[in-house]
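In what follows, a structure is listed as structure tokens, so that the remarks can point back to it.
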Ligand code: AMP
Ligand code: GLY
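In this note's numbering, the protein residues as written are 255 to 686.
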């Protein structure tokens, strides 16, 4: 089987790494890929958003299965285009991708189908938003409706900050058209966790739980990033909470979509706040999480490609009956090494040292994100550069082993958080 993976991040490297282990797969292409991926797959010089060139390639090269990593091509309708040509592709259609591409759509759907989330109001007029904020008072969260590269959410501790967010999003249009409408919602308190499932719109197959670390600095300080590290599983999600999330959130939203005539196939990511009154949805993403995927897939014992094919073909119920879907009991953490300046502007082209040294370390995998390979050297090529990933008998061992390896990596300006997984440690200590 010939598989094409679309995307260029750590998530896509983890996907390619896992897909390469499948007995069903003979050849992997990745578009555009990165330095690390180029060691496992043939990388193409086509951007993730260039749907028509990707389609042409898939038709010409007789690709049997395409797996889409990032949200942008999904929101642009890559799945619809591939399906028109009867090509198998994993991911939701353009209409279904609105669950991530429009926060207004997602919130209205949650309200209609009784999916727990923060109370909210939608505005297309800044004056009305301001009146609401003055009345409600901070803390409040202001969100741009459309895709804003993960930056469209402003958690406002003061009323002034919330009012300023309205100005920035709706009047200054810092996120362009994505800010035509906004949501103002109540600020939730609690721990955050990520639950990712794959679904054929009827049945769901959950991946292991995980927790991301969105802020750039230790102790959850500084601006939000795409994610500075993750670990799996998280002790914050007990079996009961997991079940509650599946019943009250995942199945309800998928059933709700079905009732709206939308057949949701692909991966579904629920960003959850574990509040005192139960788990509530912060956001839905229509794709695998990044960096969560890097911490989850090394623990998956089953063949991901078989499960993905069951989703694409709508046979997930049968798949679940006939196959085991199992997880390594060990813990896994992924520490993201980023370029100087990230999540702001950064330079590219710095040589990365130490990769050879950690290549053969036991239970360490290096997933590449923003890297490129040039004359047998690896250079930085993005904000998030590497995801140093390690397994351990428990979270403490995984943390120690992974940081030991991370210390051996160097590039000019490299920075990483030193406390990935700390909440799990804190939680475990309290519990023991
Ligand atoms: P989102 O992209 O919607 O997940 O938002 C990004 C981040 O903003 C989340 O990971 C949370 O840390 C924070 N956030 C979003 N919505 C809320 C909320 N209602 N209450 C508190 N924090 C929130
Ligand atoms: N790690 C957060 C995301 O993938 O959106």
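Ideal Cβ positions, reconstructed from N, Cα and C, are used throughout, including at glycine. Remember, it's a predicted structure, so these values are computed and weren't measured experimentally.
A Cβ-Cβ distance of about 46 Å is found for the pair residue 317 and residue 394, leaving them out of contact under the 8 Å criterion. Put simply, the backbone Cα of residue 555 is about 29 Å away from that of residue 626. A contact is defined here as three or more CB-CB pairs under 8 Å, and the region 671-680 meets this definition with respect to the region 645-659.
Here the alpha carbon of residue 641 sits roughly 12 Å from the alpha carbon of residue 593.
Rounded to whole angstroms, residue 354 and residue 511 show a C-alpha spacing of 13 Å.
As DSSP reads the structure, residue 441 sits in no beta bridge.
Here residue 339 is exposed, its C-beta having fewer than 16 other C-beta atoms within 10 Å. Take the alpha-carbon of residue 367 and the one of residue 516: they are about 14 Å apart. Taking the C-beta atoms as reference points, residue 546 is found no nearer than 7 Å to residue 447. Along the length of the region 342-409, whole alpha helix (DSSP H) runs at least 4 residues long occupy 352-355, 357-366 and 380-390, reported in chain order. Of the heavy atoms belonging to ligand 1, none sits nearer than 6 Å to the Cβ of residue 355. Here the region 567-580 lies against the region 452-468, with 3 or more beta-carbon pairs under 8 Å apart. Just so you know, the alpha carbons of residue 313 and residue 322 end up roughly 16 Å apart.
If you draw a straight line from the Cα of residue 404 to the Cα of residue 639, it is about 18 Å long. Taken through DSSP and simplified to helix, strand or coil, residue 465 comes out as strand.
Here residue 581 has 462, 553, 554 and 555 as same chain residues with Cβ atoms under 7 Å from its own Cβ, once five neighbours each way along the sequence are excluded. In this model, residue 408 and residue 421 are separated by some 12 Å (Cα to Cα). With contact defined as three or more Cβ pairs closer than 8 Å, the region 554-568 and the region 275-286 are in contact. Residue 641 sits in a strand when the DSSP states are folded into three classes. Residue ranges of uninterrupted alpha helix (DSSP H) with 4 or more members, entirely inside the region 488-540 and ordered along the chain, are 493-499 and 505-513. By a beta-carbon distance limit of 8 Å, residue 358 contacts residue 437. Their separation comes to about 6 Å. Residue 328 holds the alpha-carbon nearest to the alpha-carbon of residue 520 among 300, 328 and 301. Contact annotation: residue 524 and residue 542 have beta-carbon atoms that are not nearer than 7 Å.
Residue pairing for residue 260: DSSP places it in a beta bridge opposite 285 and 322.
Set against 6 Å, the gap from the CB of residue 544 to the closest heavy atom of ligand 2 is smaller.
Under DSSP, residue 581 forms a beta bridge with 554. Cβ contact annotation for residue 417 (same chain, cutoff 7 Å, sequence separation greater than five): 384 and 387, in chain order.
In the structure shown, residue 279 falls within a coil segment according to DSSP collapsed to helix, strand and coil.
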